[in-house]
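Since the structure comes first, as structure tokens, the remarks are kept for the end.
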DNA sequence: CCAGGAGAGATTGACATACAAGAATACCTG
DNA sequence: CAGGTATTCTTGTATGTCAATCTCTCCTGG
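Chains as they are written, first to last, in full-length UniProt numbering: chain U, 1 to 238; chain Y, 1 to 238.
In structure tokens, the structure reads:
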């Protein structure tokens, strides 16, 4: 009954059969809700510290509480909401410690991935495509496109290994990664010019079959990114 | 109302891995159900290929369907059940490919963990405790204790890094790891004698502060374990 | 007799509702 | 003003229901 615009990016034409129109389209109502709330958190439409009760989602989206509950639980799993038993879920504010930990985890998974790819001297096609998209977006200057392409690049490297579990582990932290990217893009997009070059270096090392170099380029890239993010996080923190 | 014995192993003593690492006893009905079904899958009381419908859990445990549904969903996340939309969940049979992928993922996370520990030349107390328990259990010969101590050792190494996200990623695959351990212990427990020594070598390298050695010892250990598991998996497969 | 398709049964997705239990907060009393 | 109690908010669990989808059987036709 609540037919507001929150759904529109996902659910606009209320036809249920529309779900499978696109490969990326949510497969179920719960998925749609999850994607919508996830995006709102990442876009900081829902700000850190903000409470997200099941009842709120119920009224805002016009879904049943079990649906809202499932959504909250999934967001908690990927770290985009935090709550303990019987307490209200809140949008987390990533502390410096969280950010350090997040980049450590990223480096663990992604460097393993690029090493695997380098051993095969193989660059997954989606990674090349994301790199091209990033170069285009960088000259354009659309922050959202830049972030999307950046995320897509890193995700494509991990997915390209065809390791189901590595991909699942990466997805577990991808939401928080996007959160830091949004934080970054909102403030200091200028220094993003260096990102395409850093990505290119990673791809070159992979194609050269140089495992150690690929891992090193990736580590350097993430350390640089971490430094940029931490500088901003410290500003916005007391 | 349904008060059968399926519950008993749960309510008495808390199980090892929960979503909240510090939860000693199941905090809720859903948690208890999850732990019980999880253990039944790992103990192969629920065999690979077996169907686990929500209705089945509902009747077997006397819980409501939403509770059973949540349980199934959580087990799917950690890979102990597999299902796609509108299809019934089944206990997975780990293929050789799955096992290779699983050990690759383990090695990624765990070697990162031991390298961190080695940099600090610090062995977490729970890891030492698990190692002592393993040595005791090995001489005793109780398979379940051996497996539990082995798992606890590896989990303690990752948790000891105090990296929340590394731990979460590790927990994501820990269920499948236990599945392979059960497979192994059931058949070839004799060669387990070598495990305490391999673990000891890892701890020694950590204490020596030798990052590369610690990573190398861990990799060797996992490769040996993988070889043992794969040999069994190929036997039990067509 | 076998292959393909339609239909019935089984199973999950989602909703509405209700009640109980735990947490947080406000309020009232000393 | 302080401390404890009580109300209220929120989540955990349960029951029932309907719709959508998948599976499997059975029936028909070649």
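Cβ coordinates follow ideal geometry from the N, Cα and C atoms, glycine included.
Quantities reported herein were computed from a predicted structural model and do not represent experimental measurements.
Subject >> Contact belief for residue 217/U with residue 201/U at Cβ below 8 Å, rounded distance in angstroms >> reply: That pair is a contact at about 5 Å.
**OP:** Note down, in chain order, each residue of its chain lying with its Cβ closer than 6 Å to the Cβ of residue 70/Y, except the 5 sequence neighbours on either side.
**Re:** Counting only Cβ-Cβ distances below 6 Å, and skipping sequence neighbours, we find 30.
**OP:** Starting from residue 83/U, find everything on chain Y with Cβ-Cβ shorter than 9 Å and list it in chain order.
**Re:** Neighbours of residue 83/U on chain Y: none; closest Cβ ~11 Å, over 9 Å.
**OP:** Alpha carbon to alpha carbon, how far is residue 132/U from residue 92/U? Give it in angstroms, no decimals.
**Re:** Straight across, the Cα-Cα distance linking residue 92/U with residue 132/U is about 33 Å.
**OP:** Please report the Cβ distance between residue 121/U and residue 209/U, rounded to the nearest whole angstrom; I am assuming they are in contact, meaning their Cβ atoms lie under 8 Å.
**Re:** The C-beta distance from residue 121/U to residue 209/U rounds to 4 Å, short enough to meet the 8 Å contact threshold.
**OP:** Check whether the Cβ atoms of residue 127/Y and residue 153/Y sit closer than 7 Å, and answer yes or no.
**Re:** Their beta carbons are under 7 Å apart, which means residue 127/Y touches residue 153/Y by this criterion.
Original post:
Excluding sequence positions up to five away, which residues of its chain have a Cβ less than 8 Å from the Cβ of residue 219/U?
Top reply: Result list for residue 219/U: 107, 111, in chain order.
**OP:** Please check if any C-beta of chain Y sits within less than 7 Å of the C-beta of residue 181/U.
**Re:** Not one chain Y Cβ lies under 7 Å of residue 181/U.
Subject >> Contact list for residue 164/Y against chain U, beta-carbon separation under 7 Å >> reply: Within chain U, the residues near residue 164/Y are 101.
Original post:
So, are the CB atoms of residue 88/Y and residue 53/Y less than 7 Å apart?
Top reply: Yes, Cβ-Cβ distance for residue 88/Y and residue 53/Y is below 7 Å.
Subject >> Reduced DSSP category for residue 82/U - H, G, I as helix; E, B as strand; rest coil >> reply: Of the three classes helix, strand and coil, the one that applies to residue 82/U here is strand, per DSSP.
Subject >> Cβ neighbour criterion (16 or more within 10 Å) applied to residue 23/U >> reply: The pLDDT assigned to residue 23/U is 35, lower than 50, so where the model puts this residue is not dependable, and the model offers no usable value.
Original post:
Given a limit of 7 Å on CB to CB distance, which residues of the stretch 101-115 of chain Y reach chain U?
Top reply: Residues passing the 7 Å Cβ filter: 101, 102, 104, 105, 108, 109, 112.
**OP:** Compute the Euclidean distance between the alpha carbons of residue 83/U and residue 193/Y, then round it to the nearest angstrom.
**Re:** Each residue's alpha carbon lies about 43 Å from the other.
Original post:
Can you list, in chain order, the residues of its chain whose CB lies under 6 Å from that of residue 9/U, leaving out five sequence neighbours each side?
Top reply: Here residue 9/U scores only 38 on pLDDT, less than 50, and its place in the model should not be relied on; the value that follows carries that caveat. So the list is empty, once near-sequence residues are dropped.
Original post:
In terms of residues, what are the limits of the alpha helix (DSSP H) holding residue 155/Y?
Top reply: Residues 143-159.
Original post:
Alpha carbon to alpha carbon, how far is residue 96/U from residue 55/Y?
Top reply: Looking at the backbone, the Cα of residue 96/U and that of residue 55/Y are separated by about 45 Å.
Subject >> Segments assigned alpha helix (DSSP H), at least 4 residues, entirely inside the UniProt domain "HTH gntR-type" (27-94) of chain Y >> reply: As far as the UniProt domain "HTH gntR-type" (27-94) of chain Y is concerned, its whole alpha helix (DSSP H) runs of at least 4 residues are 29-42, 54-61, 65-77.
**OP:** Put residue 163/U into one of helix, strand or coil per three-state DSSP.
**Re:** Correct three-state label for residue 163/U: coil.
**OP:** Would you mind stating whether residue 167/Y and residue 165/U have Cβ atoms separated by less than 7 Å?
**Re:** No; because the gap between Cβ atoms is not below 7 Å, this pair is not in contact.
**OP:** Report all residues from its chain with a CB closer than 8 Å to the CB of residue 50/Y; omit the five preceding and five following residues, and keep chain order.
**Re:** Excluding residues within five positions, the ones whose Cβ falls inside 8 Å are 90, 91.
Original post:
By the criterion of Cβ-Cβ separation under 9 Å, what are the contact partners of residue 42/U in chain Y?
Top reply: Ordered by position in chain Y, no residue passes the 9 Å Cβ test against residue 42/U, which lies about 17 Å from the chain.
Original post:
Considering only the beta carbon of each residue, do residue 135/U and residue 196/U sit closer than 7 Å?
Top reply: A Cβ-Cβ contact shorter than 7 Å links residue 135/U with residue 196/U.
Subject >> Close Cβ partners of residue 206/U (< 8 Å) along its chain, the five nearest in sequence each way excluded >> reply: Excluding residues within five positions, the ones whose Cβ falls inside 8 Å are 114, 117, 118, 121, 122, 123, 214.
Original post:
Alpha carbon to alpha carbon, what distance is there between residue 109/Y and residue 223/U?
Top reply: Cα to Cα, the separation comes out at about 19 Å.
**OP:** Might you give, ordered along the chain, the residues of its own chain that have their beta carbon closer than 6 Å to the beta carbon of residue 239/U, omitting 5 neighbours on each side?
**Re:** Residue coverage of chain U in this structure runs from 1 to 238, which leaves residue 239/U outside it and unanswerable.
Original post:
Can the beta-carbon of residue 40/U be found closer than 7 Å to that of residue 46/U?
Top reply: Yes; because the gap between Cβ atoms is below 7 Å, this pair is in contact.
Original post:
How close, in whole Å, do the beta carbons of residue 172/U and residue 76/U come, if the pair is a contact with beta carbons under 8 Å?
Top reply: That pair is no contact at about 12 Å.
**OP:** With DSSP collapsed to three states, give me the class of residue 120/U.
**Re:** In the three-state DSSP reduction, residue 120/U falls in the coil class, being neither helix nor strand.
**OP:** In the DSSP assignment, find the alpha helix (DSSP H) that holds residue 140/U and state where it starts and stops.
**Re:** DSSP places residue 140/U in the uninterrupted alpha helix (DSSP H) bounded by 125-140.
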